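Contents: one structure, followed by commentary.
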Amino acid sequence: MKYTYNSPDDVLEVARFVCQAVNGWTENPERMIPYFTQDGGWEFPFAPTGFDLFFKEVRGAEAMKRYFTSLVPYMENLDIGPVENWTIHTVQAPDTYVYEYTGTATIKGSGKLYRQNYISIVTLEGGKIKTYREHWDPYVALLDFGLARPVDGEA
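For what it's worth, the working numbering labels the leading residue of the sequence shown as 44, then goes sequentially.
Here it is, written out as structure tokens:
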């Protein structure tokens, strides 16, 4: 398994590297740690506050391992690929990549399909992920994880 991206700057190949890093964390959160710089981490700008399940940022291997391990009891089989289905945006900032994609997982306990749309801004440093900034719809997560009730008229 290749934990460092050493190829020429190719947004599709970087997407494959990112997908390889992230897919499967629901079964083994530690598997993604080698893809990140030592002080690398995830940012969740739209994570709702006031719920113990979500955080705005986790940085460093130990914090990432603790956070993602805390989510394992809630979902499984996360799938964000294939990257050929992603929308790729070109940006001027070096080593920065913007991807739009849809991910699915199974909510443990209910067996319900969790379907979330993401926009991720990924920054590499030295061939590893420095920052993975993930934008997603908190309302979908709150509903699907049973932390909120639908408003009248929604299923």
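We treat Cβ as the ideally placed atom computed from N, Cα and C, and that holds for glycine.
A quick note: this is a predicted structure, and the numbers were derived from the prediction, not measured.
Taking buried to mean at least 16 other C-beta atoms within 10 Å of its own C-beta, is residue i buried or exposed?
i	result
THR47	exposed
LEU167	buried
TRP118	Reading off the sequence, residue 118 comes out as Met, not Trp. Its Cβ being crowded by 16 or more others within 10 Å, MET118 is buried.
ASP180	exposed
ASP187	buried
VAL101	buried
THR69	buried
Which residue wins for smallest C-alpha separation from residue i, given the options the options?
i	options	result
ASP53	THR147, TYR182 and PRO137	PRO137
ILE204	ARG192, GLU86, MET44 and VAL61	Beyond the ends of the chain as shown, which are 44 and 198, falls residue 204; an answer cannot be given.
TRP129	ILE164, PHE111, ARG102 and THR149	ILE164
THR174	GLY103, GLU143 and VAL134	GLY103
PRO51	VAL194, ASP195, LEU185 and GLY169	GLY169
Per DSSP, residue i forms a beta bridge with which residues?
i	result
TRP179	TYR161
GLU100	GLU86
When the Cα atoms are used, what is the spatial distance from residue i to residue j?
i	j	result
THR147	VAL183	12 Å
ALA64	PRO125	13 Å
GLY83	GLY189	30 Å
TYR142	ILE162	6 Å
LYS171	GLY154	34 Å
ARG210	VAL57	Within the shown structure, residues of the chain are numbered from 44 to 198, placing residue 210 beyond reach of any answer.
PHE111	ASN71	9 Å
GLU177	LYS45	23 Å
TYR140	LYS99	20 Å
Under 8 Å: do the region 64-79 and the region 102-117 share three or more Cβ pairs, one atom per stretch? Enough Cβ pairs lie closer than 8 Å, so yes.
Does the region 94-101 come within contact of the region 143-159, defined as at least 3 CB pairs closer than 8 Å? Short answer: they don't touch.
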